[in-house]
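Report on the following structure.
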Amino acid sequence: MNQNIISQILSDRSQRLFKDLLKALGLVLDLALGNKQQHSLRVSITSVQTGALLGLAGEELRDLFYAGLLHDLGEICLQEEEREMMASDVDPVPDSLRRHPGVGAQICAWIPSLEGTAQLIRQHKERWDGSGYPEGLRGNQISIASQILALVNELDDFVFLTSPRLDQDPRSRLHDIAWRWRGRKVSEEVADAYLEVQQQGAWSTTAFAETHWRSLKLDIVDLAQLIELKEEQFVESILRVLASVIDAKHAYTHGHSWRVAGYGRLIARHAGATESNQLKVYHAGLLHDAGKVAVPQAILDKPGALSGEEWALIREHPRKTHLIVQTIKGMEEVAEIAGSHHERMDGKGYYMGLLADAIPWGARVLAVADTYDAMCSDRAYRKALPHEVAAEELDRFSGKMYDPEIVQVFQKIPKTELEEIRYSELEDIQRF
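Residue numbers (full-length UniProt numbering): 1 to 432.
Here is the structure:
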């Protein structure tokens, strides 16, 4: 096959993977923050459509697309009551709220090629009249792209998420709200462009993906940004951000997904797995609790016994993990591993009730890694258990819950190697 054709295929695959990973991150953010489904994708597409109408360059439109997907990153560090305060336009704005756009920008900057996107996220709470934050910028100090993101995001939040009546078309309210923002919170030209987009009709997700992405030459711009990057660079960066968003939902799981991924890869290596299979286990470990972000925080943090209804919600999370991860083209096998990590050897696990060898090998590895980290970490209902006690528990349920061969491999791993995973991940998490 011609070398140019091979390069093009690889480039197209990397581009698709990069976009799919960030769309999955946007979806997880929506679920974690209780947003209406596809909020982040709607904001992305409408922002790009508005920016294109204003004649923004391709690089700015690319930054705007990814900023739409990731603009809520900083909110993962806020408590629920703080997010409610932000929705109610509280004045004065507490320091924690003022900081969150900067926090989101810092997290975004972890991902290669998104420096411009990070800057848009930093400014998306600034306002034309100087009433915004974190820096109180005003007028032309705020980029046009940031103003677009601010307007589209706020209107989607306000109209689609708080519309008081189900029988009322929320779009009928967009015009009045945009006019109230015009010349006050955003420039007149940004508000006018947004209103024209609404009059023309916002692009659908399908039309954007199949037509507008290429017609705006965003495929070329995106490729130019990614061409110097190795695929593993951006994959690991995005997955680690995803894992941190997932773990931020629950007070007792900070760093859990990073550690499970590390333990899983270590066990797979000691079991003699190929590097490719070790990597699949590692990626699945980072994503294994993605579906848990849809579980209410009150249930995750509950110190007492769960009710039948609450337990049913918990048992659903691997299925949702599977659904989220399989949206990433090329990670179908990772999705199966991540979605099967609560299956048991005796068939009494969830969500599919798979038996023994029907459970993907990587999922059997993750089951041991996940349980070990859970036992060795503080929980709402108990303190962390010592390594020796956790190892005994794994032995006790070997053959019933866990693959005995994998438990045997785990027991032979020196404790120092497990501790190295825990402490090296801790340093990375603290940096994050």
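Cβ atoms here follow ideal geometry from the backbone N, Cα and C, with glycine treated the same way.
Helix, strand or coil at residue i according to DSSP, with G and I counted as helix
i    : result
Y133 : coil
V48  : helix
S187 : coil
Y282 : helix
L166 : At L166 the pLDDT is 44, less than 50, meaning the model places this residue with poor confidence and gives no usable figure here.
Y66  : helix
R127 : coil
R344 : coil
R259 : helix
R173 : helix
L216 : coil
Sequence-distant residues of its chain with Cβ nearer than 7 Å to residue i (five each side left out)
i           : result
P360        : E336, I337, S340
M345        : A356, G399, K400, M401, Y402, D403
residue 433 : Since the displayed the chain opens at 1 and closes at 432, residue 433 lies outside it and no answer follows.
G349        : H342, E343
Beta-carbon proximity of residue i to residue j, cut-off 8 Å
i    : j    : result
S44  : L27  : no
A24  : I324 : yes
L287 : L239 : yes
S14  : E231 : yes
Y263 : L418 : yes
I111 : S244 : no
V190 : I121 : no
A391 : Q411 : yes
T50  : A193 : yes
Spatial neighbours of residue i in its chain, beta-carbon cut-off 6 Å, leaving aside the 5 residues before and after
i    : result
R184 : D129
S47  : L64, G68, I148, L149, V152
Length of the line joining the Cα atoms of residue i and residue j
i    : j    : result
E188 : H322 : 44 Å
L223 : R173 : 38 Å
E135 : Q225 : 29 Å
M352 : S143 : 49 Å
H256 : S377 : 9 Å
G330 : Q233 : 16 Å
H212 : Q37  : 22 Å
A202 : I413 : 56 Å
Y423 : D91  : 41 Å
Chain-order list of residues whose beta-carbon lies under 8 Å from that of residue i (same chain, five-residue window excluded)
i    : result
Q278 : R265, A268, R269
R396 : none
L216 : V48, A52, G58, L61
Opposing strand residues paired with residue i [DSSP bridges]
i    : result
S398 : Y402
R265 : DSSP, once it has assigned bridges, lists no residue as partnering R265.
R382 : R379
R182 : V186
Check: residue i C-beta below 7 Å from any heavy atom of the ligand MN
i    : result
M375 : Ligands in the displayed structure: none, and consequently the ligand MN is not present.
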